[in-house]
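Chemist: Numbers 892 to 1182, taken from the numbering used here, label the letters of the sequence shown in order. Glycine included, each C-beta is placed from N, C-alpha and C at the ideal position. Supplied in structure tokens, the structure appears directly below.
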Amino acid sequence: MAKLTIILLTIALVSCVQSNEKQQSPPVNASIEERLQFIEDKENFTNEHERLQALFDAYADNELKHLPPLGTFMGNHTYDHLWMDVSPNGFEKRQQTLKLLSATKDWFDPAALVLDATNYQVYNRSVADSYQASQFPNHYLIVDQIQNYNHYIIITMQSMPVRKEKDLQNFKSRMEGIATVLADMQVLLQQGLDEGISMPYTSVLQVPEQMKSLITTNPEQSPFYQPITNLPESIDVEGGRSFQEEIRNIITQDVNPALLTFHDFMKDTYLPNARKTYGLNDLPNGEAWYR
């Protein structure tokens, strides 16, 4: 499913760059609901290719908003100032959006799309898979010791560009948001424990120490500081402090305490209550989850 999403995002982003057709547009900063409502009306477009491209664009933009680090990794830096919303409310909104997107599966006649038919099939498959997965509490399984949301945080920060002033603003914004992401993850994981849904014990055993390893007494030795290590020390006109000093303060005052809090939660609360089984079938409604 993740591969299909990335393929479709690539198709949509490339097509958007290459398209020279002028078309009507929904209101600036329109929500995904407003964009889909606009796209559903054929009268807003001169042809079906144009309308389908608008759907792909809306989908791609929504996916990048849902998981901004994905855009960073793909070289699209539109939402480099944002993090994924891992709060319980964020996942509820995600499910509602996927329901809206799944309703677009019959908006176009594949026979009339000619060259776009395959792309539309990929889109429908990606949305259908995502919507089906959202019916199960996958969002409670967002941490492990190999690759998951807890790893995306540091990987994302080390992947961000820091060449332009806007890049530095985005970098600072994301640094300021790390504590919120970790706090939201803790709330979500606790809800999972309360509902009897957790990662297997052996798959999260090393997570506490992995989180602790990111904490450094000297902020300049922090892995979060690494991307800006070689930047020249410059003065922030508004605050009178250098950009590097601001990041050092964020690491010391916000990031490190948040990492320690999450470490303590994983060590003292999550691990003792993590399940000793492995398969999804051992979780509530697990048999249906597998299918």
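Report the residue from Phe-1062, Leu-1032, Glu-1056 whose alpha carbon sits nearest the alpha carbon of Ile-1046.
Modeler: Residue 1046 sits at position 155 when you count from the first residue of the sequence shown. Among Phe-1062, Leu-1032, Glu-1056, the Cα nearest to that of Ile-1046 belongs to Phe-1062.
Chemist: Return helix, strand or coil for Pro-1091, following the three-state DSSP convention.
Modeler: Here the question's residue 1091 lines up with position 200 in the sequence shown. It is a strand residue.
Chemist: Of the choices Gln-928, Asn-938, Phe-982, whose alpha-carbon is the least far from that of Asp-1075?
Modeler: Counted from its first residue, the sequence shown places residue 1075 at position 184. Asp-1075 has its Cα closest to that of Phe-982, out of Gln-928, Asn-938, Phe-982.
Chemist: What residue range does the alpha helix (DSSP H) around Asn-953 cover?
Modeler: To locate residue 953, count along the sequence shown from 1; it is residue 62. Here the alpha helix (DSSP H) through Asn-953 covers 939-957.
Chemist: Which first and last residues belong to the alpha helix (DSSP H) in which Val-1078 is found?
Modeler: Against the sequence shown, residue 1078 aligns to sequence position 187. Residues 1056-1085.
Chemist: Using alpha carbons as the reference points, say which of Thr-1107, Tyr-1169, Thr-969, Asp-1020 lies closest to Thr-1093.
Modeler: Here residue 1093 refers to the residue found at position 202 when the sequence shown is read from its first residue. Selected option, being the one with the closest Cα: Tyr-1169.
Chemist: Given that a residue counts as buried once 16 or more other Cβ atoms are within 10 Å of its Cβ, and exposed if not, what is Ser-1113?
Modeler: What you label residue 1113 is simply residue 222 of the sequence shown in a count that begins at 1. Looking at its Cβ environment, which holds 16 or more other Cβ atoms inside 10 Å, Ser-1113 is buried.
Chemist: For the region 1067-1082 against the region 1010-1020, are there 3 or more C-beta pairs whose distance is under 8 Å?
Modeler: Contact between the region 1067-1082 and the region 1010-1020 is absent, with fewer than three C-beta pairs closer than 8 Å.
Chemist: On a Cα-Cα basis, can you pick out the residue from Glu-939, Val-1098, Asn-1109, Pro-1052 that is closest to Gln-1144?
Modeler: The sequence position of residue 1144 within the sequence shown is 253, counting from 1. When each option's Cα is compared against that of Gln-1144, the closest is Asn-1109.
Chemist: Report yes or no: do the region 1079-1091 and the region 1020-1038 share at least 3 C-beta pairs separated by less than 8 Å?
Modeler: yes
Chemist: Take Gln-909 and list the residues in its own chain whose beta-carbon comes closer than 7 Å to its own, dropping the five residues that flank it on each side.
Modeler: For the purposes of this step, residue 909 is taken as the residue at position 18 of the sequence shown. The predicted position of Gln-909 is uncertain, since its pLDDT is 49 and thus under 50; a value taken from the coordinates is nonetheless stated next. The same chain holds no residue with a CB closer than 7 Å to that of Gln-909 once the five nearest residues on each side in sequence are set aside.
Chemist: Report all residues from its chain with a CB closer than 7 Å to the CB of Glu-912; omit the five preceding and five following residues, and keep chain order.
Modeler: Working through the sequence shown from its first residue, we reach residue 912 at position 21. Confidence in Glu-912 is poor, its pLDDT being 49 and thus under 50, which makes the residue's placement unreliable; the coordinate value appears in the next sentence. Answer for Glu-912: Glu-941, listed in chain order.
Chemist: Could one say the Cβ of Asp-948 lies closer than 9 Å to chain D's Cβ atoms, at least one of them?
Modeler: No chain D is present in this structure, which holds just one protein chain.
Chemist: With DSSP run on the structure shown, which of helix, strand or coil describes Arg-1166?
Modeler: Counted from its first residue, the sequence shown places residue 1166 at position 275. Arg-1166 falls in the strand class under three-state DSSP.
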